[in-house]
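Visitor:
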Amino acid sequence: MTEVDVAIIGAGAAGLAAASVLATAPLDVVVLEAQGRIGGRARTVALAGLPLDLGCEWLHSADRNPLVAAIAARGLTIDKTPPPWANPEATSNFSDAERQAYGEAFAAFDERVAAAADDPTDRPASELLEAGGRWNPLLNAFSAYYNGAEFDQVSVKDYAAYDDSEVNWRVAEGYGAAITGLAPKGLRIVGDCPVSLLRHDGPRLALETPRGVIQARAAIVCVPTAVLAAGGLRILPELPAKLAAAQGLPLGLADKVFLKLDEPEAFAVETMVYGDSDRTATGAYHLRPLGRPIIEAFFGGAHARALEAEGPGASAAFAIDELVGIYGSGLRSRVSVLVQTGWASDPWARGSYSHALPGRAGERAVLAAPVNGRLFFAGEACSPHAFSTAHGAWETGERAAREVLAALGT
Ligand SMILES: Cc1cc2nc3c(=O)[nH]c(=O)nc-3n(C[C@H](O)[C@H](O)[C@H](O)COP(=O)(O)OP(=O)(O)OC[C@H]3O[C@@H](n4cnc5c(N)ncnc54)[C@H](O)[C@@H]3O)c2cc1C
Numbered sequence: 127m128t129e130v131d132v133a134i135i136g137a138g139a140a141g142l143a144a145a146s147v148l149a150t151a152p153l154d155v156v157v158l159e160a161q162g163r164i165g166g167r168a169r170t171v172a173l174a175g176l177p178l179d180l181g182c183e184w185l186h187s188a189d190r191n192p193l194v195a196a197i198a199a200r201g202l203t204i205d206k207t208p209p210p211w212a213n214p215e216a217t218s219n220f221s222d223a224e225r226q227a228y229g230e231a232f233a234a235f236d237e238r239v240a241a242a243a244d245d246p247t248d249r250p251a252s253e254l255l256e257a258g259g260r261w262n263p264l265l266n267a268f269s270a271y272y273n274g275a276e277f278d279q280v281s282v283k284d285y286a287a288y289d290d291s292e293v294n295w296r297v298a299e300g301y302g303a304a305i306t307g308l309a310p311k312g313l314r315i316v317g318d319c320p321v322s323l324l325r326h327d328g329p330r331l332a333l334e335t336p337r338g339v340i341q342a343r344a345a346i347v348c349v350p351t352a353v354l355a356a357g358g359l360r361i362l363p364e365l366p367a368k369l370a371a372a373q374g375l376p377l378g379l380a381d382k383v384f385l386k387l388d389e390p391e392a393f394a395v396e397t398m399v400y401g402d403s404d405r406t407a408t409g410a411y412h413l414r415p416l417g418r419p420i421i422e423a424f425f426g427g428a429h430a431r432a433l434e435a436e437g438p439g440a441s442a443a444f445a446i447d448e449l450v451g452i453y454g455s456g457l458r459s460r461v462s463v464l465v466q467t468g469w470a471s472d473p474w475a476r477g478s479y480s481h482a483l484p485g486r487a488g489e490r491a492v493l494a495a496p497v498n499g500r501l502f503f504a505g506e507a508c509s510p511h512a513f514s515t516a517h518g519a520w521e522t523g524e525r526a527a528r529e530v531l532a533a534l535g536t
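Here the sequence shown stands for residues 127 to 536, numbered as in this note's numbering.
(1) So does V463 have its beta carbon nearer than 6 Å to some heavy atom of ligand 1?
(2) Hey, would you say the C-beta of H481 is under 6 Å away from at least one heavy atom of ligand 3?
(3) For K99, which beta-bridge partners are listed by DSSP?
(4) Whose C-alpha, out of A216, D318 and W184, is nearest the C-alpha of G162?
(5) Excluding the 5 residues preceding and the 5 following G229 in the sequence, name in chain order all residues of the same chain whose CB lies nearer than 8 Å to its CB.
(6) Do S480 and L416 have their beta-carbon atoms positioned less than 7 Å apart in this structure?
(7) Near D402, which residues of its chain fall below 8 Å by C-beta distance, leaving aside the five closest residues on each side in sequence?
(8) Can you check whether the CB of V297 is closer than 7 Å to the CB of L202?
(9) Rounded to a whole number of angstroms, what is the C-alpha to C-alpha distance between E391 and A344?
(10) Just to confirm, is the Cβ distance from A533 to G488 under 7 Å?
(11) So Y301 packs on A168, CB below 8 Å; how close in whole Å?
(12) When the distance is taken between beta carbons, is D327 closer than 7 Å to K283?
(13) Less than 6 Å between C-beta atoms, sequence neighbours within five positions excluded: which residues of the same chain meet that for H429?
(14) Here's a check: name, in chain order, each residue in its chain whose Cβ is nearer than 7 Å to the Cβ of K311, leaving out the five neighbours to either side.
(15) For the stretch 525 to 532 against the stretch 134 to 151, are there 3 or more C-beta pairs whose distance is under 8 Å?
(16) Helix, strand or coil: which one does DSSP assign to R486?
(17) State the Cα-Cα distance for the pair I134 and I305, rounded to the nearest angstrom.
(18) Going by C-alpha distance, which of G181, S187, A172 and L493 is nearest P366?
(19) Go through its chain and collect everything with a Cβ distance to Q341's Cβ below 7 Å, but skip five positions before and after it.
(20) I'd like the span of the beta strand (DSSP E) that includes D131, first residue to last.
(21) Within 8 Å, do at least three Cβ pairs link the stretch 508 to 526 to the stretch 184 to 193?
(22) Run through DSSP, which three-state label would H429 get?
(23) With distances taken Cα to Cα, identify the nearest neighbour of Q373 among S459, A160, L483 and G258.
(24) Closer than 7 Å, CB to CB, is V194 near chain B or not?
(25) Could you pull the DSSP bridge partners for L178 from this structure?
(26) For a test of the three-state rule: what should DSSP assign to F513, helix, strand or coil?
(27) Among the residues of its own chain, which have a CB less than 8 Å from the CB of A370, if the five just before and after it don't count?
(28) Name the two residues that bound the continuous alpha helix (DSSP H) containing S269.
(29) Could you please give me the residues that DSSP links to A332 through a beta bridge?
(30) If we count Cβ pairs, one from each stretch, closer than 8 Å, do we get three or more for the stretch 230 to 239 versus the stretch 248 to 259?
(31) At the level of alpha carbons, what is the spacing between L158 and G136?
(32) Would you kindly check if the distance between the Cβ of L385 and the Cβ of I346 is under 7 Å?
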């Protein structure tokens, strides 16, 4: 394995997509993956007999998401039940008046974003919040879930560039499991094999790993921006524009807690509640997703970071406290914690999904650009319009693989 045609670094959605395209060509391809599992931020675990998605869960823009057909073709179940956030009446701890007022504030903010997107200069999306607006804390909580960061850290131009058909489906068996199931048969994947250094100044690329140096004619870098920015994969000679792009596209943070309900029938299926609509540091709780006996708690941004920093158990304890505030103290003895995520603490992710800092929306194209016809880049942060998603990552992997085929004349 010391010499290959193409080395793919990272076996997340982007790396697996690249491998799928390259599998059709007469090339010697290897995927080098830091962890002992594939999928990266696409990860389903089975607990209490339930497939739980710790990372991606929703097939966003499902009516045009290329993964829908591929997953359905494997015999998995595409569930088309709409998400509770698309149905304001599903937010069960809002009054009708609150629902309407929040909906109007949200729509007005969106309109201001759309209008500002074409301005010559970019700015933080927080500047478009209504001064002193009643719903600003909850709008910022939304940003924390959606972008992984509050609006003051989010570029208006980048936020507006995300293209969402607002059709969201799920895979009953788990989106993570579905994505790892798309790895092509016979693919050579080397696990527990982090690439620490990629040199591109010799006749062949040289990739340093704990299993020795691997030489390649071309490489596709599919690691998260936060890993690149932190030096988790160094590239020499340095590529300052790539490093700056990775820094301008940090990974925001979103974390989940899955709680098991002893008496699930007391909760309406596919509904949601906010812990406290007056605060940004609050959870969004999805009750009984797919009718299952669980509550899925979602935290984002600075609040999720603070909970992770507090240590194991903090986000679950916070979730239960907020739910007790809504449903009463009897809930405490009727829920148990199944699992909670810590994506910021994962050294091979260092966060959940990318957002562009104000003024940095152009970095996605910089990050995605090939270098010298043999170094290629993929991953959700490289996607121009579907960044932060699994299908966006998949599309960039396919694109990078096609660039490799063209560059190698295959
Ligand atoms: C909590 C959460 C909820 C989400 N919800 C959704 C959702 O509902 N819908 C959706 O579409 N998306 C969602 N996403 C985002 C989606 O999961 C990601 O955008 C997508 O999976 C990223 O794929 P990727 O291939 O770009 O990166 P990754 O999946 O991060 O893959 C990168 C791979 O590279 C490996 N790696 C890192 N460094 C090295 C190294 N030095 N050497 C070798 N290997 C290395 C990692 O271990 C990893 O396997 C969510 C993410 C999170 C965390």
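Using N, Cα and C, we set each Cβ at its ideal position, and we do this for glycine too.
All values reported here derive from a predicted model rather than from experimental measurement.
Guide: By the coordinates alone:
(1) no
(2) Absence of ligand 3 is noted for the structure shown, with ligand 1 being the only ligands found.
(3) Because residue 99 is not part of the residues shown, which for the chain are 127 to 536, the question remains open.
(4) The shortest CA-to-CA distance from G162 to any of A216, D318 and W184 is the one to D318.
(5) Correct list, in chain order: P214.
(6) no
(7) T408, E448 and G451
(8) yes
(9) 55 Å
(10) no
(11) 6 Å
(12) no
(13) Taking H429 as the centre and dropping the five residues before and after it, the same chain places the C-beta of A407 closer than 6 Å to its C-beta, in chain order.
(14) Closer than 7 Å at the Cβ level, and outside the excluded window around K311, lies no residue.
(15) Segments in contact, yes.
(16) coil
(17) 17 Å
(18) L493
(19) T128, E129, R330, L331 and A332
(20) E129 to I135
(21) Yes, since at least three Cβ pairs between the stretch 184 to 193 and the stretch 508 to 526 fall closer than 8 Å, the two stretches touch.
(22) helix
(23) Distances from the alpha-carbon of Q373 to those of S459, A160, L483 and G258 put L483 closest.
(24) Among the chains in the structure shown there is no chain B, since it carries only a single protein chain.
(25) V171
(26) coil
(27) Non-local C-beta neighbours of A370 in its own chain, meaning closer than 8 Å and more than five positions away in sequence, comprise E489 and V492, ordered along the chain.
(28) Its alpha helix (DSSP H) spans residues N262 to Y272.
(29) Per DSSP, R325 and Q341.
(30) yes
(31) 6 Å
(32) no
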